[in-house]
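*Asks:* Can you keep this structure in mind? I'll have questions shortly.
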Amino acid sequence: MLSKYKKLKKPFLIAEIGINHNGSLKLAKKLIDVAAKCKFDAVKFQKRDLDVCIPENQKSIMRETPWGVMTYLEYKKKIEFSIPQYKQIDKYCKKKNILWFASSWDLNSQKTMRRFKFKYNKVASAMITNTKLLELISKEKKTTLISTGMCNYSDIKKAVKIFRKNKCKFILMHCVSTYPCKEEHLNLRMIEKLKKDFKCTVGYSGHEKIVSPTIVAYMLGAEYLERHITLDRAMWGTDQAASLSENGIKNLSDIVNKIP
């Protein structure tokens, strides 16, 4: 048993900022500061072409927001960073010496974000069944993290087949897409199954409220660990409650960075 633990190596830590910046560059930079301070390897954002990603029947639905009552489309525009804003993010991450990349939710966004020359690509759970997007991403030949939270096992097999056909390195990220996710629903043993069945590198993208299951995921073989990050779990936003605040992020980093 001891020899097994000697083989452990430090995982790659990803702070998923996602849309927790609420459209504020100032807030995004604060989140980058937290990730860099806590020795995370990368921060991740999201990019959408809203005209493509939002169904027509949802665009005009009225919603209460911190900016007042507005349509769902108007709200999403408030929190969607533009390319000029991402250029500022790119510059700031370089200043902080931390990698950044983004998960694109449509073909247009994937093509648009190529200008930043990311080291990694990311397939969001909701996009794993979008075969056209998988084909586009895999043909870029960049190491790609593939979240598996919103699909069945046959969908994972299809995604793996596409990436192997195009000879693109990938990491399967075990994920349960409940925000936040109850501990009894995490199914962490899937990490071992994914590694055994697909003979590939496996990671974990967690949405639980606490740190300990992420540590368990690491001990089960997850080499990439991704957690949503927030300044305040009570803040406005759909992902804030499923995120870790600075204390949680620091706790996770402190534990895994003790690995010799």
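Okay, so the sequence shown: first residue is -4 according to our numbering, each after it adds one. Glycine included, every Cβ here is placed at the ideal spot set by N, Cα and C.
#1: Considering just the uninterrupted stretch of the alpha helix (DSSP H) at R184, what are its terminal residues?
#2: What are the complete beta strand (DSSP E) segments, minimum 3 residues, inside the stretch 149 to 178?
#3: Which of the three DSSP states, helix, strand or coil, is assigned to R58?
#4: Check F40 in the structure and name its three-state DSSP category.
#5: Can you tell me which of W231, S200 and Q83 puts its alpha carbon nearest to the alpha carbon of K73?
#6: Around the C-beta of S77, are 16 or more other C-beta atoms found within 10 angstroms, so that it is buried, or is it exposed?
#7: Run the CB neighbour count on S99, radius 10 Å, all protein chains shown included, and call it buried at 16 or more, exposed below.
#8: Assign E75 to one of three DSSP states: helix, strand, or coil.
#9: Just curious, the beta strand (DSSP E) that E11 is in, first and last residue?
#10: Is it the case that the stretch 103 to 112 contacts the stretch 50 to 70, given that we only count it when at least three CB pairs across the two stretches are under 8 Å?
#11: Going by beta carbon distance, what residues of the same chain come within less than 7 Å of L3, once the five residues before and after it are set aside?
#12: Quick one: Cα of I84 to Cα of S207, how far?
*Replies:* The answer reads as follows:
#1: R184 -> no alpha helix (DSSP H), and no H or E assigned at all.
#2: Those beta strand (DSSP E) runs which fall completely within the stretch 149 to 178 and span 3+ residues are 165 to 170.
#3: R58 falls in the strand class under three-state DSSP.
#4: Taken through DSSP and simplified to helix, strand or coil, F40 comes out as strand.
#5: Comparing Cα-Cα distances from K73 to each of W231, S200 and Q83, the minimum goes to W231.
#6: Taking all protein chains shown into account, S77 has fewer than 16 neighbouring C-beta atoms within 10 Å of its C-beta and is therefore exposed.
#7: Label assigned to S99: buried.
#8: DSSP places E75 in coil when its eight states are reduced to three.
#9: Unbroken beta strand (DSSP E) run through E11: F7 to G13.
#10: With the rule of 3 Cβ pairs closer than 8 Å, the stretch 50 to 70 does not count as touching the stretch 103 to 112.
#11: Excluding residues within five positions, the ones whose Cβ falls inside 7 Å are I254.
#12: Between the alpha carbons of I84 and S207 lies a distance of about 30 Å.
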